[in-house]
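Novice: Below you'll find the structure I mean.
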């Protein structure tokens, strides 16, 4: 079993000490690698001309409404005067940068990238609310020269759809095709060949091309940064929930390996203590990603008008809408066959067995425990959060 982000080279760092019966060193290496993966930085630049809806897009991407605490300020005039970082509220390693409008007096197109410090960004999203301009194309061309990725996003598509609905022969599909073709032709006329344009509504991310944008970003990003992007994606459709579940399954292997390595350290009670700390952190991570933590559910209630109590009533998982504690997880884990037996035997291990034998026995049971916990969360991920 492998993980795209935790490679064979990572595995070698803990296999050697494990083979030498130095399980403490092996566990430390595994824990270090897991922490590194949980803190991989991802810096996303959001840019475009003033008034294009950049700040609203930043807020929507981070799961916040414009009037919530920590949201990027929005307005009918340019509200961003410098490159401003907005960390994701649950995953601070992912930062969306709200950049000033290109082409302003303070940020002329020719000096724009240098002024905003382009080096730190993993990719750029260029937003326009009507037609992409010459400044947008100039910026894209400069980004290309710097060997960075960029993506054209046509924002506020919901406004266009509402306006077109007044027409007698309205067709949403025709309207979207018309908007996309107009953007492509406009960019082509400015010298940009075969551009891909994503149609997005920051207030309705589950509609239009936001999911396609995520798929494209996922394909273009380095492997070690794909999960960082995935975990901050709003749960707007079953496909994103499925991908998150698969990503967590890959990481499950390494969390279990850590527990197994610690189980072989000859200190009674140590593996249970470490397991508790690792599990609380991992399960909290799962609950955040699926939007089942209390703040996310309350936010969903506010946005949809569905009473919070009603949301709680339809959630079956014992790990949703609660504080994740060691006591709660131990209660859930006792539902797995052999777990209680394993815990009872914790204080009387046969330390004359080789470390890899102890690890093997422990891994099997720990794997079952973690799969149970993950299934109890993943089965009830909330779809439709915006």
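Numbering (the UniProt record's numbering), first residue to last: 1 to 386.
The beta-carbon is built from N, C-alpha and C at its ideal position, and this holds for glycine as well.
In this text the structure is predicted, and so the values were computed from the model without any measurement.
Evaluate residue 153 with the Cβ neighbour count: other Cβ atoms within 10 Å of its Cβ, from every protein chain shown; 16 or more gives buried, anything less gives exposed.
Specialist: Taking the chain shown and counting its residues from 1, the one referred to as residue 153 is at position 153. Flag for residue 153 reads buried.
Novice: Since residue 433 is in the beta strand (DSSP E), which residue starts that stretch and which ends it?
Specialist: Lying before the first or after the last residue shown, residue 433 is absent from the chain, which here runs from 1 to 386.
Novice: Using only CA atoms, which one of 189, 96, 283, 133 lies nearest to residue 121?
Specialist: By 1-based counting over the chain shown, the position of residue 121 is 121. If we check each option's Cα against that of residue 121, 96 comes out closest.
Novice: Since residue 212 sits in a beta bridge, which residues does DSSP pair it with?
Specialist: Walking along the chain shown from the start, residue 212 turns up at place 212. In the DSSP output, where bridge partners are listed per residue, residue 212 has none listed.
Novice: Where does residue 311 fall in DSSP's three states?
Specialist: One-based indexing of the chain shown puts residue 311 at position 311. Three-state result, residue 311: helix.
Novice: Verify whether the separation of the beta carbon atoms of residue 213 and residue 198 is less than 7 Å.
Specialist: Translated into positions along the chain shown, residue 213 becomes position 213. Translated into positions along the chain shown, residue 198 becomes position 198. For residue 213 and residue 198, yes; Cβs fall inside 7 Å.
Novice: Can you confirm whether the stretch 154-167 touches the stretch 81-91 when touching is taken to mean that 3 or more C-beta pairs between the two stretches lie within less than 8 Å?
Specialist: Judged by Cβ distances under 8 Å, the stretch 81-91 makes no contact with the stretch 154-167, as fewer than three pairs qualify.
Novice: Where does residue 406 sit, in a helix, a strand or coil, going by DSSP?
Specialist: Outside the modelled stretch of the chain, which goes from 1 to 386, sits residue 406, for which no answer is possible.
Novice: What is the DSSP secondary structure of residue 293, counted as helix, strand or coil?
Specialist: In the chain shown, counting from the first residue as 1, residue 293 sits at position 293. Here residue 293 sits in coil by DSSP.
Novice: Go through its chain and collect everything with a Cβ distance to residue 105's Cβ below 7 Å, but skip five positions before and after it.
Specialist: Start at 1 with the first residue of the chain shown, and residue 105 comes out as number 105. Within the same chain, residue 105 has no close Cβ partners at all.
Novice: Note down, in chain order, each residue of its chain lying with its Cβ closer than 8 Å to the Cβ of residue 49, except the 5 sequence neighbours on either side.
Specialist: By one-based count along the chain shown, residue 49 stands at place 49. Correct list, in chain order: 101, 102, 103, 128, 133, 135, 136.
Novice: List the endpoints of the continuous alpha helix (DSSP H) containing residue 58.
Specialist: The residue labelled residue 58 in the question sits at position 58 within the chain shown. 54-61 is the extent of the alpha helix (DSSP H) around residue 58.
Novice: Any idea if residue 170 is buried or exposed, counting beta-carbon neighbours within 10 angstroms, 16 or more meaning buried?
Specialist: Residue numbering aside, residue 170 sits at position 170 when the chain shown is read from its first letter. Exposed: under 16 other Cβ atoms inside 10 Å.
Novice: Using only alpha-carbon positions, find the residue among 138, 123, 249, 251 that is nearest to residue 42.
Specialist: As a first step, residue 42 must be located in the chain shown, where it is residue number 42. When each option's Cα is compared against that of residue 42, the closest is 123.
Novice: According to the neighbour-count rule (16 or more other Cβ atoms, all chains shown, within 10 Å of its Cβ), is residue 225 buried or exposed?
Specialist: Here residue 225 refers to the residue found at position 225 of the chain shown. Looking at its Cβ environment, which holds 16 or more other Cβ atoms inside 10 Å, residue 225 is buried.
Novice: List the residues that DSSP assigns as beta-bridge partners of residue 87.
Specialist: Mapped onto the chain shown, residue 87 falls at position 87. Partner(s): 95.
Novice: Tell me, please, which residues DSSP counts as bridged to residue 43.
Specialist: Numbered from 1 along the chain shown, position 43 holds the residue referred to as residue 43. DSSP lists 95 as partners of residue 43.
Novice: So residue 255 packs on residue 34, CB below 8 Å; how close in whole Å?
Specialist: Here residue 255 corresponds to residue number 255 of the chain shown, with the count starting at 1. Here residue 34 corresponds to residue number 34 of the chain shown, with the count starting at 1. Indeed, because the Cβ distance is near 7 Å, the residues count as touching under 8 Å.
Novice: Quick one: using the 10 Å Cβ neighbour count with 16 as the cut-off for buried, is residue 244 buried or exposed?
Specialist: Mapped onto the chain shown, residue 244 falls at position 244. Residue 244 should be labelled buried.
Novice: One question on the structure: do residue 202 and residue 25 come within less than 7 Å of each other, judged by their Cβ atoms?
Specialist: Here residue 202 refers to the residue found at position 202 of the chain shown. Here residue 25 refers to the residue found at position 25 of the chain shown. Contact: no.
Novice: Look up residue 116 in the DSSP assignment and say whether it is helix, strand or coil.
Specialist: Translated into the one-based positions of the chain shown, residue 116 becomes position 116. In this structure, residue 116 counts as helix in the three-state DSSP scheme.
Novice: Going by CA-CA distance only, name the one from 47, 62, 51 that's closest to residue 461.
Specialist: An answer regarding residue 461 cannot be provided, because it is not within the stretch 1 to 386 covered by the chain.
Novice: Which residues in the same chain as residue 289 place their Cβ atom closer than 7 Å to its Cβ, once the five residues preceding and following it in sequence are excluded?
Specialist: Along the chain shown, one-based indexing puts residue 289 at 289. Closer than 7 Å at Cβ, skipping near neighbours: 231, 244.
Novice: From what residue to what residue does the beta strand (DSSP E) around residue 198 run?
Specialist: For the purposes of this step, residue 198 is taken as residue 198 along the chain shown, with counting starting at 1. Unbroken beta strand (DSSP E) run through residue 198: 197-199.
Novice: For residue 183, report the span of its alpha helix (DSSP H) as first-last.
Specialist: Residue numbering aside, residue 183 sits at position 183 when the chain shown is read from its first letter. Residues 172-189.
Novice: Does DSSP put residue 281 in a helix, in a strand, or in coil?
Specialist: By one-based count along the chain shown, residue 281 stands at place 281. Residue 281: helix per DSSP, three-state reduction.
Novice: Closer than 7 Å by C-beta to residue 307: which residues in its own chain qualify, once you throw out the five before and the five after it? Chain order, please.
Specialist: If you number the chain shown from 1, residue 307 lands on position 307. Here the set comprises 301.
Novice: State yes or no: is the beta carbon of residue 110 nearer than 7 Å to at least one beta carbon in chain C?
Specialist: Included in the structure is just one protein chain, with no chain C present.
Novice: I believe residue 155 touches residue 200 by the beta-carbon criterion, under 8 Å. Please report the beta-carbon distance rounded to the nearest angstrom.
Specialist: The sequence position of residue 155 within the chain shown is 155, counting from 1. The sequence position of residue 200 within the chain shown is 200, counting from 1. Indeed, because the Cβ distance is near 6 Å, the residues count as touching under 8 Å.
Novice: Using CA coordinates, which residue listed in 44, 119, 296 is at the minimum distance from residue 87?
Specialist: In the chain shown, counting from the first residue as 1, residue 87 sits at position 87. Selected option, being the one with the closest Cα: 44.
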